[in-house]
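Below is one structure; the comments refer to it alone.
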Amino acid sequence: MRTNSRLSRVLHALLHMEHAEAPLTSEAMARMLCTNPVVVRRLLAGLRDCGYVQSEKGHGGGWVLSVALDDITLLDVYRGAGEPTLFSDLVTEDDPQCLVEQAVNAHLSATVREAEQALLEKFGKVTLGDLSRDIKAKGAQMRRPPR
0 MRTNSRLSRV LHALLHMEHA EAPLTSEAMA RMLCTNPVVV RRLLAGLRDC GYVQSEKGHG
60 GGWVLSVALD DITLLDVYRG AGEPTLFSDL VTEDDPQCLV EQAVNAHLSA TVREAEQALL
120 EKFGKVTLGD LSRDIKAKGA QMRRPPR
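Numbering that gives the first Met the number 0 puts the first residue of the sequence shown at 0, with every later residue one more than the last.
Shown next as structure tokens:
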């Protein structure tokens with residue numbers, strides 16, 4: 000099963016928007032994310048509908064944040080991105096009559112649901128402002144001369 004990187008990509012784009020000196024075009028973000036501008040527009044459409052970003056057409060246009068990063072949680076972005084799959088499907092349906100398969104699937108499914116719930120709770124506690132401050136702190140460390 001192919002992994003879904005939609006959440007990672009949209010977070011990447013949002014954080015670059017914060018540090019950009021001007022609106023970012025879909026084309027510029029597509030180059031950063033190694034994807035197509037249409038994919039960027041689709042990624043950001045849900046966030047625009049939620050009011051987190053806005054876009055302007057024409058010369059000098061592009062995407063900008065509409066809300067402070069401290070007011071946007073990872074959970075907000077996850078929901079705005081269409082609630083992409085967090086974990087791959089661990090169960091199989093090779094032989095639904097098999098009691099072993101039934102037991103394994105029941106336990107794996109329950110464990111994945113618990114893990115998803117814990118992850119979403121954590122997402123609700125982390126803001127994009129937290130991530131931005133981490134970026135700035137790491138950038139400052141990189142600029143310090145070695146001792």
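Backbone N, C-alpha and C define an ideal beta-carbon position, used for all residues, glycine too.
Item: In the DSSP assignment, find the unbroken beta strand (DSSP E) run with G60 in it and report its ends.; Value: It is not in any beta strand (DSSP E) - G60 carries neither H nor E in the DSSP assignment.
Item: Helix or strand or just coil, what does DSSP make of T72?; Value: strand
Item: Is the separation between the beta-carbon of P22 and that of G61 shorter than 8 angstroms?; Value: yes
Item: Which stretch, first to last residue, makes up the beta strand (DSSP E) that contains Q53?; Value: V52 to E55
Item: Taking only the alpha-carbon atoms, compute the straight-line gap between L6 and A114 and give it to the nearest angstrom.; Value: 17 angstroms
Item: From the DSSP output, which residues share a beta bridge with L157?; Value: With the chain covering 0 to 146 only, the question about residue 157 has no answer from this structure.
Item: V15 and M28: beta carbons closer than 8 angstroms?; Value: In the sequence as presented, Val is not what sits at residue 15; that position holds His. Their beta carbons are under 8 angstroms apart, which means H15 touches M28 by this criterion.
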